[in-house]
Amino acid sequence: MVNQSDRYYGLDALRAFAMCLGVVLHAMTLYIFSDNPNHHSPLLSFLFLWILAWRMPVFFILVGFFAALAIQKWGHSRFLADRMLRIGLTFVIFLLMYQEWNAVGMNLLDWELNHLWFLAYLLLFYPIAILARPIPINKNWLWLWLVVGVLLAIMGKEVVFFNRHSQTLRLDLWNLAYAFYFIFLGWALYALRSLMHKLKPWAWSYTIASLILTYIIMWLGGKVDYVQFSFVSLLLNSLHLLVIFLAMAGLSGLALRNLSIFNPVIHKFVEWSYPVYVLHFVFIESVFGLIVIETWAIGPILGTILVSGKAFVASVVCYYLFIKFTPFSWLFNGVRKSWWKWPFRNQAV
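Counting from 0, one number per residue, gives the positions in the sequence shown under numbering that gives the first Met the number 0.
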């Protein structure tokens with residue numbers, strides 16, 4: 000039985016950090032994929048590849064970890080009710096809003112998921128998690144799952160293949176397999192969570208190793224045709240899997256070591272992370288972002304900081320104006336943690 004006092008402040012912060020890095024990545028793309036050579040930067044490209052390599056796999060690992068914790072703490076019914084509200088209803092509402100923004104036709108399966116694609120994956124995962132809950136997990140299961148990861152890696156045909164995802168509601172089974180692999184890895188890590196505390200002494204070493212391997216991937220990437228199946232493509236995908244594991248080990252170790260107690264600033268950042276990610280896309284794609292990259296001679300690094308910072312702040316402002324003190328807060332915080340509780344004032348939903 001889980002100890003009710005067990006809290007993973009560091010891992011919760013890492014999950015929020017991974018989510019908010021999506022804002023930074025989307026700002027980076029304004030420069031990375033620009034036709035203007037003055038917008039390109041080797042450092043920006045390196046940081047883009049490193050973050051892209053581990054961000055969503057680590058996020059999915061933490062999703063599985065906290066799903067296992069929540070089910071054990073709350074039970075199946077409350078867990079599903081919470082996730083259907085905070086993930087399911089949020090996905091439907093904002094998917095409809097962004098379709099209006101994109102002026103997409105009425106063919107439902109062709110609706111663009113944009114940055115909300117991961118919510119569709121989570122909606123498919125949670126019912127499966129309920130069914131998988133009774134499966135016993137030990138260290139042998141974890142080793143077997145790592146072998147499965149290697150097999151998935153050598154089957155990929157492009158670098159950072161673990162970040163492939165469906166662009167529309169026509170979900171691809173292979174893309175789901177990659178996401179579910181990491182989610183269930185996190186599920187297993189919760190059962191073996193005592194192992195995670197052993198990562199703390201070597202956290203910096205793991206993180207630095209992930210950076211070094213990312214540089215090697217970036218160097219080798221210019222020497223391979225990703226469409227052709229080759230030894231180099233196998234090596235790149237295997238190295239990418241290793242980058243994911245090293246980044247997870249390093250960043251989670253740092254988070255557990257440095258954020259072991261409640262911190263009000265980090266708590267507020269965690270609260271903001273979900274609504275900021277859902278709302279930020281419209282600000283990244285706004286006229287302001289285009290003005291910064293086209294007319295301000297400030298360089299791609301500073302420009303990325305400025306655009307992503309502006310999107311973050313604007314999203315936080317919108318959160319307080321339209322969400323925090325309204326029923327929309329239920330979508331992001333649940334009823335129990337929301338300021339607006341009517342008509343559920345006497346219920347701990």
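A virtual CB, placed ideally from N, CA and C, is assigned to each residue, including glycine. Given the structure is predicted, the values throughout are model-derived calculations rather than measurements.
- Taken through DSSP and simplified to helix, strand or coil, E111 comes out as strand.
- With a threshold of 16 other beta carbon atoms within 10 Å, D34 falls short and is exposed.
- Each residue's CA atom was taken as its position, placing W73 and V22 some 31 Å apart.
- Within the DSSP secondary-structure output, T167 pairs in a beta bridge with E111.
- In the three-state DSSP reduction, I50 falls in the helix class (H, G or I).
- Relative to the Cα of F59, the nearest Cα in the group L305, A128, F117, L258 belongs to F117.
- When secondary structure is reduced to three states using DSSP, L258 falls in the coil class, being assigned neither helix nor strand.
- Excluding the 5 residues flanking it on each side, R256 has same chain C-beta neighbours closer than 8 Å at G9, K199, A202, in chain order.
- In the DSSP assignment, I265 falls within the unbroken alpha helix (DSSP H) covering 263-283.
- The beta carbon of W339 sits closer than 7 Å to those of F324, T325, P326, S328, all from its chain and outside the five residues before and after it, given in chain order.
- If you ignore the 5 residues before and after L115, its C-beta comes within less than 8 Å of the C-beta of F90, F93, L94, Y97, V277, all in its own chain and listed in chain order.
- Here DSSP, grouped into helix, strand and coil, assigns F64 to helix.
- The beta carbons of W110 and T213 sit no closer together than 8 Å.
- Distance between L258 and H25, taken at the CA atoms: about 27 Å.
- Apart from sequence neighbours up to five positions away, the residues of its chain that approach C317 with a beta-carbon distance below 7 Å are L278, ordered along the chain.
- The Cβ neighbour count for S76, taken over all protein chains shown within 10 Å, is under 16; the residue is labelled exposed.
- Collapsing the DSSP output to three states places I136 in coil.
- Exclusion of the five residues before and after L42 leaves I300 as the residues of its chain whose Cβ lies within less than 8 Å of its Cβ.
- Around the beta carbon of D171, fewer than 16 other beta carbons sit within 10 angstroms, so the residue counts as exposed.
- When the five nearest sequence neighbours on each side are left out, the beta carbons in the same chain lying within less than 7 Å of the beta carbon of S314 are those of P274, V275, L278, H279, F282, in order along the chain.
- DSSP places V306 within a helical segment (H, G or I) once states are collapsed to three.
- Excluding residues up to 5 positions away in sequence, G9, L10, A12, L13 lie with their Cβ nearer than 7 Å to the Cβ of A254 in the same chain.
- Looking from the CA of S337, the closest CA among I31, C19, L46, L84 belongs to L84.
- Bounds of the alpha helix (DSSP H) holding S76 are 75-82.
- In summary, A66 is buried, with 16 or more beta-carbon neighbours lying within 10 Å of its beta-carbon over all protein chains present.
- The alpha-carbon of F78 is positioned some 9 Å away from that of Y125.
- V147 is not a Cβ neighbour of Y177, given a cutoff of 8 Å.
- Residue R192 holds the alpha-carbon nearest to the alpha-carbon of G63 among R192, L305, N236.
- V242 is positioned such that its CB atom lies closer than 8 Å to that of S209.
- Taking C-alpha positions only, W140 is separated from N37 by approximately 50 Å.
- Apart from the 5 residues on each side of it in sequence, I322 sits with its Cβ closer than 8 Å to the Cβ of P274, S328, L330, F331 in its chain, given in chain order.
- Judged by DSSP secondary structure, W173 falls within the alpha helix (DSSP H) whose first and last residues are 172-190.
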